[in-house]
Amino acid sequence: MSDRYQPQEFEKKWIQIWDKEKVYSMGPASAKASAGKEKSYVLAMFPYPSGAGLHVGHVRNYTGTDVVARYFRMNGHSVLHPMGWDAFGLPAENAAVKAKKNPMDMVPEHIATFKKQMKSLGFSYDWDREFTTTDPNYYKWTQWLFIQFYKMGLLYKKNAPINYCPKCKTGLAEEEVLVDGTHERCGNKIEKRDLPQWVFKITKYADRLLSDLEGLDWPKGILEMQRNWIGKKEGININYKIKGSDEVITCFTTRPDTNFGATFIVIAPEHEFVKKIKNEDVKKYVEETASRSEQERLNENKKKTGVFTGFYAVNNLNGKLLPIWISDFVLSGFGTGAVVGVPGHDLRDFEFAKEFKIDIIRVVVGKDGDRSEITKREQVYEESAFAKASADKEGTMINSEFLDGLDIHVATKKIMDYFEEKGWGKRVTTYHLRDWIFSRQRYWGEPIPMVYCETCAKNQKSKIKSQNLNSKVKSNNNETIEQLNNQMPGWFSLPEDQLPLKLPYVKSYEPTETGESPLSVIPEFVNTKCPKCGGKAKRETDTMPNWAGSCWYFIRFAQYQRSKIKDQKDEPSTENWKMQIENSGNLLPVDWYLGGAEHAVLHLLYSRFWVKALYDLKLLDFKEPFLRLRNQGMILAEDHRKMSKSFGNVINPDDVISEFGADALRIYEMFMAPFNQEISWATKSLQGSYRFVKRVWDLYQNYSVIPAPDQSRGQAPAEIQKHGSPIKVGDDKAEDKQLVIKLQKTIQKVTSDIPEVKFNTSIASMMEFLNKWESSINQKSNIKDQNDISKIKNNNETMKQFNNVLSVEHAKMFLQILAPFAPFMTEEIWRNVFGEKESIHLSVWPTVSGEIIEEEIILPVQINGKLRDTIKVQRSNIKDQKSIEKLALNSEKVKKYITSEPIKIIYVPGKILNFIVR
RNA sequence: GUCGGGGUGGCGAAAUGGUAUACGCGCAAGCUUGAGGGGCUUGUGGUCGCAAGACUGUGGAGGUUCAAGUCCUCUCCCCGACACCA
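The working numbering puts the first residue of the first sequence at 20, with every later residue one more than the last.
What follows is the structure, encoded as structure tokens:
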């Protein structure tokens, strides 16, 4: 009698045994890596441990990652598969505010829940390496890194606009601002306020962040999003003299080829030149636009607004006067904040010209014979005046004197050269990427390890003044720490031995009235000694954003070995950092990084930036953190909406596990759809996976009650087991050959699918094998009446012969390829049914030797490309076209369609036979 | 608007240019009566037909090829990201 499948009973047991046996701990990495093994660093984006516990979406991501990790582990790689907690940041703080607790107290509780859930799912993490970003032992290093970046000149402090809610009197994070520009809590309009902020010079790395994308094995879409975010544009700054003034307006354009078509200039309301205009209309317009939020401007979208300044600029090319306008459609933050209007070939310029009745001149015509020229005034404001030709990035120049007849790309180059020769313009590269505001006026983050000393600031300032009399401080990208200090007089980083700068445990930590950090009202925190003069000084009270901890956590997993290397020093210093990297056994960088696409830009960009900076500091010897990236698709609720408490449609993994077991949940989530695809939960489909798991279980239970009938088929020799014996057909006469061939194919399929992240088809192929295995048993038992199968299955004596269809050795191989997906059940069978001493998860992945030996193949036969019949062909015969043709022509179905001598016969060996008849 | 990803049964989905719909769900019939989302067997794209079988079929229209879901051209629709970036 089969033992019933009761996963709840044995899953708990294996969690404990795996922990005890340290099955998934890699131990000191340096030792293992030096053993000449290939390494695989397999990482899932670590979670923010919320109070809600693990989501089935987490389960999907972590299971996929776990399958990959287990696969490489069984394939002999040295696998690093860690887990930790990203616990700083706004969500945690908000949750704590709501619960009226300190996040410091809540985080450990949440982590405990997450960890318990992860263990119940059987993820093969090396828990020896676990840490949370909120642990001072971790963030002392985050702070240390901040200091290194500061010292290399990557961090500076300046006034920058932050989101501020006047009603709540507090600074806000981007995430708290809704799309319509209101505060998510009170619904009030958000203002921008200038407050001093720490800013990261990420723009210095823009080019490298862009070009290094080349070598990454990432989803195309993510690469494209990063490229767009960096937004490199090559163009030219053209200087226009203002008539009757000494002033010059510089416009950035990527399309100087159209410059003969320029009819106006527009500057942003924030442009420098605006301040010099004394004109009531201008003043009014600028005030109006300032009072409207960026969102409002966008919402009013279609209609262009603007005001004429009364000034004209001169187009150097033809001496034409260009009226200078002010409009909020020109962004002060991009390019030079001034645009030359070419309404014939830019949609926005066109709309503007239409609105204010400005001339439209066409200077590019399409290649498709569209040669209409706009000359007549009446035509000018017709839609047709806007020529798509140049927007489509191809066309030929007209009305442009020496450019006439040239292709636009040739013309662009030529006129750029011309502008530069004449000294009217200069080629420039601009980026969409901005420097990264790194300050948060919030409690729940890493304190920024900087101190401000007023006394030193005064001294420094006077010193700079005297210095400046002699030599000017050059501002370039290679500032020394002294030069930097001169730019930020009075600011000092904490000495290394003062790290960690701990976040104080306090009762009240809610945002303050002034928009300053809550830490600023804690005197014990603020007041300190100046690291330089020893006098009174004040600490920086801003904290780091939640990105800080996740920027380098993957490095920490590899380098930090806590109990493993007892003498490992962990006090932040360059020496200790380098020592820890050396001891990390070349596990870095990350080989497989799996997670949601929502981090396409920010987290992935910031991490890449830090790694490059660390490379420049010679603290790392690689330039990219994540070599391979794969996205997991979201799981929606059964009703196709997002899972949410308020909808009441949340599936809790704990409930699923207690009902179906962790293996069934894992199999289902891997089988439900391709890994990267969004999918709705379906409990019905989960049952199908449960059924599969159960059927596998039942089949193997029959082995448990029968001692291996034949010693030679029992335990494979230990040697072979160690090195993974190749599967062979025909060793065992009793076996079903066709079934063994199917097993070979299944092993091949799963082996090639897992590294391609094709978990769904892996499982499908194993299901196919199971179907075949069962039907083979049915066949062998000569069951005529299918209804009796269940009766017979309960009879041990009858079952004995059924087992003969697959040898113990082969039955174990199937178990092995299933093991990454269903770790609990396979382990239970591996040890209890087959009596193995060591975990199946440390066993060696089965291999398939040589070609698959298939005696017969089924060959489709077509007539005129239409399938008419299939014929069985001996594999040995496969290259003999003549005999195969003959065989095909024996078929009645084929004969029927061949009424005359075939004109042509196409034969692709083993694939297809196609007769072409008239 | 720009970029990216997609359109295949009732549903989730498979298919190095070579038997379209594997695998799973659902459904139907039969069996098993331990029928409170239990098990087993068989069937299941559409149309016509008692059947054998025939025709048709991967959003649409063309094309390349002995052969197209797959390659090329055009087009329609859906999803995601960015968006007045000059």
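The C-beta atom is built at its ideal place from N, Cα and C for all residues, glycine as well.
Query                                                                                                                                            : Result
Does DSSP put F327 in a helix, in a strand, or in coil?                                                                                          : strand
Rounded to a whole number of angstroms, what is the C-alpha to C-alpha distance between G707 and Y719?                                           : 19 Å
Taking C-beta to C-beta, are I380 and T282 nearer than 8 Å?                                                                                      : yes
Would you tell me roughly how many angstroms separate the C-alpha atoms of P110 and A131, rounded to the nearest one?                            : 18 Å
List, from N- to C-terminal side, the beta strand (DSSP E) runs of 3 residues or more that fit wholly inside the region 198-259.                 : 210-219
Under three-state DSSP, which class holds D276?                                                                                                  : helix
Below 8 Å, how does it come out for the region 159-170 and the region 620-628: are there three or more Cβ pairs, yes or no?                      : no
Is Q767 helix, strand or coil by DSSP?                                                                                                           : helix
Whole angstroms is fine: what's the gap from E535's alpha carbon to Q460's?                                                                      : 5 Å
Since T512 sits in a beta bridge, which residues does DSSP pair it with?                                                                         : Rather than Thr, the amino acid found at residue 512 in this sequence is Ser. For S512, which the question treats as bridged, DSSP gives the partners M469.
Considering only DSSP beta bridges, list what W104 is partnered with.                                                                            : T151
Counting Cβ pairs, one atom from each stretch, are 3 or more of them under 8 Å apart for the region 297-307 and the region 223-232?              : no
Relative to the C-alpha of L1, which residue among G667, W571, E590 is closest?                                                                  : Nothing in the structure corresponds to residue 1, since the chain is present only between 20 and 937.
With H, G and I counted as helix, E and B as strand and the rest as coil, what does DSSP make of P672?                                           : helix
Among G46, K58, V86, K32, which has the Cα closest to the Cα of I686?                                                                            : V86
Taking all protein chains shown into account, decide if D674 is buried (16 or more other Cβ within 10 angstroms of its Cβ) or exposed.           : exposed
Give the DSSP bridge partners of T12, in chain order.                                                                                            : The requested residue 12 is not part of the displayed model; the chain covers only 20 to 937.
Tell me which same chain residues have a C-beta within less than 7 Å of the C-beta of P155, skipping the five on either side of it?              : P519, K521
Identify the continuous alpha helix (DSSP H) that holds S78 and give its terminal residues.                                                      : Reading off the sequence, residue 78 comes out as Val, not Ser. V78 -> alpha helix (DSSP H) spans 75-93.
Would you call the region 61-81 and the region 610-623 in contact, with 3 or more CB pairs under 8 Å?                                            : yes
Between the C-alpha atoms of S2 and R23, what's the straight-line distance to the nearest angstrom?                                              : Residue 2 is absent from the structure shown; the chain starts at 20 and stops at 937.
Which first and last residues belong to the alpha helix (DSSP H) in which F843 is found?                                                         : 842-847
Could you check what DSSP says for R23 in three-state terms: helix, strand or coil?                                                              : coil
Counting pairs of Cβ atoms below 8 Å between the region 654-665 and the region 633-646, do you hit three or more?                                : no
Alpha carbons only, please: which of S795, K923, V361 is nearest the one belonging to L942?                                                      : Since the first and last residues shown for the chain are 20 and 937, residue 942 lies out of range.
Is the region 841-859 touching the region 908-915 in the sense that three or more CB pairs, one from each, lie closer than 8 Å?                  : no
Relative to the alpha-carbon of G206, which residue among D213, C187, S139 has its alpha-carbon at the smallest distance?                        : C187
Looking at C-alpha atoms only, which residue of P774, N178, F788, A577 is the closest neighbour of E601?                                         : A577
Considering N797, what are the terminal residues of the alpha helix (DSSP H) in which it resides?                                                : 778-799
In chain order, what residues of the same chain lie with their CB nearer than 7 Å to the CB of K32, ignoring the 5 residues before and after it? : none
Is the region 36-48 close to the region 114-128, with three or more CB pairs under 8 Å?                                                          : no
What is the DSSP secondary structure of W160, counted as helix, strand or coil?                                                                  : helix
Are at least three pairs of beta-carbons, each pair with one atom in the region 210-220 and one in the region 178-186, less than 8 Å apart?      : yes
Using the beta-carbon count (16 or more within 10 Å), is A838 buried or exposed?                                                                 : buried
Whose C-beta lies closer than 6 Å to the C-beta of E7 among residues of the same chain, with five residues either side of it excluded?           : The chain is shown only over 20 to 937; residue 7 falls outside these bounds and no answer can be derived.
Using DSSP with H/G/I as helix, E/B as strand and the rest coil, what is I924?                                                                   : strand
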